[in-house]
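Notes follow once the structure below has been shown.
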Amino acid sequence: CFMTSQNHGYAVDRFTLPDNWEPLFTNANDKTNEGIVHKERPYFSVQFHPEHTAGPEDLELLFDVFLDLVKKCDQTLLSPRQLITDKLQFVVDKPYGLKHPKKVLLIGSGGLSIGQAGEFDYSGSQAIKALREENIQTVLINPNIATVQTSKGLADKVYFLPLVADYVEQVIKVERPDGVLLTFGGQTGLNCGIELEKKGVFEKYNVEILGTPIRTIIDTEDRKIFGDKINAIGEKVAPSVAVHSVEEALEAAKKLGYPVMTRAAFSLGGLGSGFANNEEELRKLASMALAHSAQLIVDKSLKGWK
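Reminder that position 243 of the sequence shown reads as 243 in the UniProt record's numbering, one-by-one numbering, no gaps.
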């Protein structure tokens with residue numbers, strides 16, 4: 001089912017369709033026909049308007065489906081409906097558990113530092129309140145006593161421990177939560193969650209990641225993987241190279257051409273990012289960035305573009 005803001009008009013009675021034609025979309029409100037499709041040939045039509053640019057883009061991908069149909073029309077046993085269904089279907093790699101959690105671990109905001117603002121304390125405290133409203137027991141890890149979320153009476157249990165994988169694993173071992181929330185701890189919480197996932201801690205203690213999936217966090221934090229994902233959907237990104245040393249960064253800059261922009265992966269608030277106009281500037285930036293992160297992305301600079 002698709003909730004679309006696009007125009008709705010209808011003129012086809014599904015009971016009067018000729019042979020080899022069948023309904024494709026039906027309006028969930030008034031049950032009127034919204035589209036028809038040919039059973040064999042690459043013909044289909046919709047009666048809402050997925051305008052390419054002027055209107056909403058909810059189902060703009062139907063244009064891509066049509067192009068695929070035309071390209072594959074010489075293939076035998078082609079089913080336009082099946083191709084459309086496959087394109088529109090959402091596939092979950094790992095099924096989500098439907099179990100209502102009884103106890104949830106929340107990775108807190110930690111100590112306030114330059115590059116990581118205080119809004120994570122606020123969002124974390126709101127998350128705890130929301131969990132309590134659902135009668136879910138909350139366990140908080142936060143080493144910073146000067147935060148709202150560590151206030152007495154908010155979380156059911158608070159551990160004033162560093163936000164590092166070893167300490168968090170010990171808390172998981174003792175508390176055995178059903179789920180964990182990583183996205184309220186800022187960059188520190190995300191990095192901690194990624195390390196725990198790599199160590200197999202969540203799987204070992206059967207802890208479900210609530211909210212943003214860990215795979216999505218990794219894909220967006222790793223700038224090389226993120227660039228590949230963007231390219232995979234046909235969008236353009238600035239030419240870039242992922243490096244792990246200063247020498248690799250200098251070599252990448254030679255290929256891309258100066259000026260370049262550097263960005264450290266898994267870092268607080270853009271730490272280690274900057275522009276380099278020559279080898280000397282790049283060497284300084286790369287040395288600083290790689291002191292905080294194992295990966296550095298060297299991008300072709302788009303400075304000045306609008």
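Note that beta-carbon positions come from the ideal geometry of N, C-alpha and C, so glycine has one too. Predicted, not measured: the structure shown is a model, and the values here were computed from it.
- Counting the other CB atoms within 10 Å of its CB gives Glu-34 a total of 16 or more, which places it among the buried residues.
- Close CB contacts of Ile-217 within its chain, under the 6 angstroms cut and outside five residues either way in sequence, are with Leu-190 (chain order).
- With 16 or more neighbouring CB atoms inside 10 Å of its own CB, Ile-128 falls in the buried class.
- Scanning the UniProt domain "ATP-grasp" (227 to 304) for uninterrupted beta strand (DSSP E) segments of 3 residues or longer gives 240 to 243, 260 to 264, 274 to 276, 296 to 300, listed from N- to C-terminal end.
- Excluding five sequence positions before and after Ile-233, none of the CB atoms of its chain fall closer than 8 angstroms to its own CB.
- The C-beta separation of Val-158 from Lys-103 comes to about 14 angstroms, leaving the pair out of contact by the 8 angstroms criterion.
- Three or more beta-carbon pairs separated by less than 8 angstroms are not found between the segment 227 to 244 and the segment 208 to 217, which leaves the two stretches without contact.
- In this structure, Ile-136 keeps its C-beta atom at 8 angstroms or more from the C-beta atom of Phe-184.
- Between Val-70 and Ile-84, the C-beta spacing is not below 8 angstroms.
- A distance below 8 angstroms between beta-carbons, with the five flanking residues on each side excluded, links Leu-256 to the following residues of its chain, in chain order: Pro-239, Ser-240, Val-241, Val-298, Asp-299, Lys-300.
- Only residues of its own chain outside the window of five on either side were considered, and among them Ser-109, Phe-184, Gly-185, Gly-186 have a CB closer than 7 angstroms to the CB of Phe-120, listed in chain order.
- Check the Cα spacing between Asp-178 and each of Cys-192, Gln-82, Phe-202: the tightest is with Phe-202.
- Gln-295 is positioned such that its CB atom lies no closer than 8 angstroms to that of Asp-228.
- Phe-25 sits in a strand when the DSSP states are folded into three classes.
- Val-246 sits close to Ala-286, with the two beta carbons spaced by under 8 angstroms.
- When DSSP states are grouped into helix, strand and coil, Phe-120 belongs to the helix group.
- Cβ atoms of Leu-24 and Val-46 come within 8 angstroms of each other, at about 7 angstroms.
- Shortest Cα-Cα distance from Gln-89 to any of Ala-252, Ile-225, Leu-62 involves Leu-62.
- One thing to note: Ser-273 has its Cβ no nearer than 8 angstroms to the Cβ of Ala-265.
- In the structure shown, the three-state DSSP call for Val-168 is helix.
- A distance below 7 angstroms between beta-carbons, with the five flanking residues on each side excluded, links Glu-197 to the following residues of its chain, in chain order: Ile-214.
- DSSP places Phe-202 in the uninterrupted alpha helix (DSSP H) bounded by 201 to 204.
- In the assembly as shown, Ala-289 is a buried residue. Its beta-carbon has 16 or more other beta-carbons within 10 Å.
- Using a Cβ distance threshold of 8 angstroms, Val-174 and Leu-161 do not count as a contacting pair.
- CA-to-CA, the gap between Val-164 and Leu-59 works out to about 43 angstroms.
- Comparing C-alpha distances from Arg-283 to each of Lys-303, Asp-13, Thr-262, Ser-293 shows the shortest one belongs to Thr-262.
- The residues Ala-249, Ala-252, Leu-296, Val-298, in chain order, have a CB closer than 7 angstroms to that of Val-243 in the same chain once the five nearest residues on each side in sequence are set aside.
- When the Cα atoms are used, Thr-147 and Leu-302 turn out to be separated by approximately 39 angstroms.
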